[in-house]
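Shown next, in C-alpha cells, is the structure this report addresses.
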DNA sequence: CAAAAAATACCGACCGGTCGGTCTGATATT
DNA sequence: AATATCAGACCGACCGGTCGGTATTTTTTG
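Protein chains in written order, with my numbering: chain A, 52 to 250; chain B, 52 to 250.
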C-alpha cells in the first residue's frame, strides 16, 4: 500500500476510534491513550495526524454536520411536496436512532463543549443557523406551492428544530422509554395537521 | 452565630460557588480548588461538607429539579383551564431565560453527565419521566374538561416536552439568536391551536 | 457554675495517579 | 537519500481526594 493511502487509513481509524470513545465515555473522560489503543496506533502516530485532541473532536463535528446537511438536502430534492419532505426527514430520524444509537451521546458532547469553547461554539452555531434558515425556506416554499397555510415561517422553523432537538435528546437519555421513531412520526403529523391547508 | 447555622451557610456558599463554576467552565473543567476559592473555603472545609465533587453536582441537580417541580405544580394549581396553564408555563420559560441565563449551561452538564454516569442518569431520568406523566395528565384533564380535543395524551405530552427541551437548548447555545421567550409563546400558541377544541 | 470532654467546623500541605502533549529515533515508501 | 509514517519512553502540570492538626462551639461532668 502506498504511504499516502496508509496514512489516510490510519487517520480514519483514529477518527472512528475517537468517535466511539467520545460517545461511550464522553470527551473529557476519554484519554488520547485509549483512542490510540482502539485505533491500533501509538501517541506518535496520533500526534502525527492531528495537532491536538480537540482537533479530532472538531473534525468529527464537521463530518457529522456535513453528513446531516447532505441527507437533508437530498431528502428535500427527491420529495414532491414540502409536507412529504418533512415526513421523510422525520423517517430519517428513525434511521439515525437505530443505526447510530450508540453514537448519539456524542451529539450532547458537541453541545456541551460548544457552550464553553469558542472554537466549537462557532463550528456548531453556524450550521445550526443554516438549519433554521433551511427549514424556514422549506416552510416558505410550502406556502408558495400551496401545501402549507401562510404561517410565520421563521417561527415554524424554530418549532421544527426545537422538536427535533428535543426528540434526539430524549432519545439518547431514555432510549427504551418510547419508540422514538414512532413519536417523531406522530409529532410531525400533529404539527403538519396544523400547518397544512385545510382540505 | 451557632455552629450549626454557620455550617449550613458555608455549605450553601459551596453550592452556590459550584453552580457558578459548573455553568461557566463545565463540570470537568471546574476544579474543586476553584470552587473552594470562590466559596471562601479550603479543601478541608469542602470535604467536610461533601463526600465528593460529584455529590455537590447531584445535590445541585436535586435542588434544581425540586424547584422546577414546585413551580410547575403551582402554575397548574392556580390556572383555571389547561390551555391557560400551558400558556402560563410557557411564560415561566421566559422568566427562566432572563433570570438564570448564565446558569443555563449547567442544564447541559446535567444531561451530558447523565448519559455516562448511572447515578446522575437515575437522578435525571426519574423526574423527567414524572414530567412526561405530568403533562400527559394535564392533557387528559384538558380533554376531560372539554378544552382540548381528544388527542393522544401521551404523544402530546412528549411533543410538549420535546419543544421545551429544544427551546432551552437553543436558548443556551444561541442566546441572542432570537427572543426565546417570544418563540416559546408563539410555539405554544401554534401547538394549542391544534390541540384546542374548535370554536 | 466551671472545668473537662466531645463534637463540629475548618485549615492547608501533601499524595498518588492521570492526562495531554513532546521528543528521539526506527521503519517503510518514494 | 529523503520523506512520510509511526513507535513508545518520557515530562510537567494538574486534579480529586486524604490527613493530621487547630479553633470554636456544644455537651457532659464534678
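Don't be surprised by glycine CBs; every beta carbon is placed ideally from N, CA and C.
Please read these numbers as outputs of a predicted model, since none were measured by experiment.
Can you list, in chain order, the residues of the region 197-231 of chain B whose Cβ is nearer than 8 Å to any Cβ on chain A?
202, 203, 206, 207, 209, 210, 212, 213, 214, 215, 216, 217, 218, 220, 221, 223, 224, 225, 228, 229
Under 9 Å by beta carbon: chain A residues contacting residue 115 (chain B):
Position 64 of the second chain, counting from 1, holds the residue named residue 115 (chain B). Going along chain A, no residue has its Cβ under 9 Å from residue 115 (chain B), so there is no contact; the nearest lies around 16 Å.
Show which residues of chain A have a CB atom less than 7 Å away from the CB atom of residue 77 (chain B).
Position 26 of the second chain holds residue 77 (chain B). 163, 167, listed in chain order.
Report, in whole angstroms, the separation of the C-beta atoms of residue 64 (chain B) and residue 92 (chain B), which I expect to be a contact under 8 Å.
Numbered from its first residue, the second chain carries residue 64 (chain B) at position 13. Numbered from its first residue, the second chain carries residue 92 (chain B) at position 41. Confirmed, about 7 Å.
Would you mind telling me which residues of chain A sit closer than 9 Å to residue 156 (chain B), beta carbon to beta carbon, in chain order?
Here residue 156 (chain B) refers to the residue found at position 105 when the second chain is read from its first residue. Per Cβ cutoff of 9 Å: 163, 166, 167.
What separation, rounded to the nearest whole angstrom, lies between the Cα atoms of residue 132 (chain A) and residue 124 (chain A)?
Position 81 of the first chain, counted from the first residue, corresponds to residue 132 (chain A). Position 73 of the first chain, counted from the first residue, corresponds to residue 124 (chain A). Residue 132 (chain A) and residue 124 (chain A): Cα-Cα distance of roughly 14 Å.
So residue 89 (chain A) and residue 71 (chain A) are supposed to be a Cβ contact under 8 Å. How far apart are they, rounded?
Sequence index remark: in the first chain, residue 89 (chain A) carries index 38 (1-based). Sequence index remark: in the first chain, residue 71 (chain A) carries index 20 (1-based). Sure, about 7 Å apart at Cβ, within 8 Å.
Specify the secondary structure class of residue 155 (chain B) as computed by DSSP and reduced to three states.
As a first step, residue 155 (chain B) is located in the second chain; it is residue number 104 there, counting from the start. Coil.
Counting Cβ pairs, one atom from each stretch, are 3 or more of them under 8 Å apart for the region 213-223 of chain A and the region 208-217 of chain B?
yes
Roughly how far, in whole angstroms, is the beta-carbon of residue 212 (chain A) from the beta-carbon of residue 183 (chain A), given that I think they are within contact range, below 8 Å?
Here residue 212 (chain A) is taken as the residue at index 161 of the first chain, counted from 1. Here residue 183 (chain A) is taken as the residue at index 132 of the first chain, counted from 1. That belief holds up - the Cβ atoms of residue 212 (chain A) and residue 183 (chain A) are roughly 6 Å apart, short of 8 Å.
Quick one: Cα of residue 171 (chain B) to Cα of residue 161 (chain B), how far?
As a working mapping, residue 171 (chain B) is identified with position 120 in the second chain. As a working mapping, residue 161 (chain B) is identified with position 110 in the second chain. For residue 171 (chain B) and residue 161 (chain B), the distance between alpha carbons rounds to 7 Å.
So the candidates are B:247, B:180, B:141; which of them puts its Cα closest to the Cα of residue 193 (chain B)?
Here residue 193 (chain B) refers to the residue found at position 142 of the second chain. Taking only the C-alpha atoms, the option nearest residue 193 (chain B) is B:247.
In or out: residue 237 (chain A) buried (at least 16 other Cβ within 10 Å) or exposed?
Residue numbering aside, residue 237 (chain A) sits at position 186 when the first chain is read from its first letter. Counting Cβ neighbours within 10 Å, residue 237 (chain A) comes out buried, since at least 16 surround it.
Identify each residue in the region 170-182 of chain B for which the Cβ-Cβ distance to at least one residue of chain A is less than 9 Å, and report them in chain order.
172, 175, 176, 179, 180
What does residue 234 (chain B) touch in chain A if you count any residue whose Cβ is under 7 Å from its own?
As a first step, residue 234 (chain B) must be located in the second chain, where it is residue number 183. What residue 234 (chain B) touches in chain A: 206, 209.
For the candidate residues A:190, A:202, A:96, whose alpha-carbon lies nearest to that of residue 266 (chain A)?
Absent from the structure is residue 266 (chain A), since the part of chain A shown begins at 52 and ends at 250.
Going straight from the alpha carbon of residue 224 (chain B) to that of residue 179 (chain A), what length do you get?
One-based indexing of the second chain puts residue 224 (chain B) at position 173. One-based indexing of the first chain puts residue 179 (chain A) at position 128. So the two alpha carbons sit approximately 10 Å from each other.
Use the C-beta contact count for residue 164 (chain A): other C-beta atoms within 10 angstroms, 16 or more gives buried, fewer gives exposed.
For the purposes of this step, residue 164 (chain A) is taken as the residue at position 113 of the first chain. With 16 or more other Cβ atoms within 10 Å, it is buried.
To the nearest angstrom, report how far apart residue 189 (chain A) and residue 138 (chain B) are at their CA atoms.
Indexing the first chain from 1 puts residue 189 (chain A) at position 138. Indexing the second chain from 1 puts residue 138 (chain B) at position 87. Answer to the nearest angstrom: the Cα atoms are 28 Å apart.
Could you check whether the Cβ of residue 237 (chain A) sits closer than 8 Å to any Cβ belonging to chain B?
Taking the first chain and counting its residues from 1, the one referred to as residue 237 (chain A) is at position 186. Yes, its Cβ sits closer than 8 Å to a Cβ of chain B.
Name the residue from A:145, A:208, A:168 whose alpha carbon lies nearest to the alpha carbon of residue 229 (chain A).
Position 178 of the first chain, counted from the start, is the residue given in the question as residue 229 (chain A). Here the closest residue by C-alpha is A:145.
Can you check whether the CB of residue 167 (chain A) is closer than 8 Å to the CB of residue 78 (chain B)?
One-based indexing of the second chain puts residue 78 (chain B) at position 27. One-based indexing of the first chain puts residue 167 (chain A) at position 116. Cβ distance not < 8 Å, so residue 78 (chain B) and residue 167 (chain A) don't count as in contact.
Could I get the ranges of all uninterrupted alpha helix (DSSP H) runs contained in the region 103-179 of chain B, with 4 residues as the minimum, in chain order?
104-128, 133-150, 156-167
Since residue 111 (chain A) and residue 66 (chain A) should fall inside the 8 Å C-beta cutoff, what is the C-beta to C-beta distance between them, to a whole number of angstroms?
For the purposes of this step, residue 111 (chain A) is taken as residue 60 along the first chain, with counting starting at 1. For the purposes of this step, residue 66 (chain A) is taken as residue 15 along the first chain, with counting starting at 1. Yes, residue 111 (chain A) and residue 66 (chain A) are in contact; Cβ-Cβ is about 6 Å, under 8 Å.
Under 8 Å between C-beta atoms, does residue 159 (chain B) make it to chain A?
Looking up residue 159 (chain B) in the second chain gives position 108. Yes, its Cβ sits closer than 8 Å to a Cβ of chain A.
Taking a contact to mean a Cβ-Cβ separation below 8 Å, would you say residue 142 (chain A) touches residue 74 (chain A) in this structure?
Reading the first chain from its first residue, position 91 is the one you call residue 142 (chain A). Reading the first chain from its first residue, position 23 is the one you call residue 74 (chain A). Cβ atoms of residue 142 (chain A) and residue 74 (chain A): not closer than 8 Å.
Distance, residue 159 (chain B) Cα to residue 159 (chain A) Cα:
By one-based count along the first chain, residue 159 (chain A) stands at place 108. By one-based count along the second chain, residue 159 (chain B) stands at place 108. Using only the alpha carbons, I get a separation of about 8 Å.
Report yes or no: is there a C-beta of chain A within less than 8 Å of the C-beta of residue 250 (chain B)?
Residue numbering aside, residue 250 (chain B) sits at position 199 when the second chain is read from its first letter. Residue placement at residue 250 (chain B) is poorly supported in this model, since its pLDDT is 43, which falls under 50; the coordinates still yield a value, given next. Not an interface residue.
Who does residue 247 (chain B) pair with in a DSSP beta bridge?
Translated into the one-based positions of the second chain, residue 247 (chain B) becomes position 196. For residue 247 (chain B), which the question treats as bridged, DSSP gives the partners B:199.
Please list the partners that residue 80 (chain A) has in chain B, where partner means a Cβ-to-Cβ separation under 9 Å.
Indexing the first chain from 1 puts residue 80 (chain A) at position 29. Ordered by position in chain B, the residues that pass the 9 Å Cβ test against residue 80 (chain A) are 79, 167.
Contacts that residue 241 (chain A) makes with chain B (C-beta to C-beta distance below 9 Å):
By 1-based counting over the first chain, the position of residue 241 (chain A) is 190. Those are 202, 203, 206, 207, 210, 242, 245, 246, listed as they occur along chain B.
So, residue 208 (chain B) versus residue 187 (chain B), is the Cβ gap smaller than 8 Å?
In the second chain, the residue the question calls residue 208 (chain B) occupies position 157. In the second chain, the residue the question calls residue 187 (chain B) occupies position 136. In this structure, residue 187 (chain B) lies closer than 8 Å to residue 208 (chain B) by Cβ.
Classify residue 188 (chain A) as helix, strand or coil using the three-state DSSP reduction.
The sequence position of residue 188 (chain A) within the first chain is 137, counting from 1. Reduced to three states, the DSSP call for residue 188 (chain A) is helix.
Just how far apart, CA to CA, sit residue 235 (chain A) and residue 210 (chain B)?
Taking the first chain and counting its residues from 1, the one referred to as residue 235 (chain A) is at position 184. Taking the second chain and counting its residues from 1, the one referred to as residue 210 (chain B) is at position 159. Cα to Cα, residue 235 (chain A) sits roughly 9 Å from residue 210 (chain B).
Rounding to the nearest angstrom, what Cα-Cα distance links residue 127 (chain B) and residue 191 (chain B) in this structure?
Against the second chain, residue 127 (chain B) aligns to sequence position 76. Against the second chain, residue 191 (chain B) aligns to sequence position 140. If I take the Cα positions, the gap works out to 13 Å.
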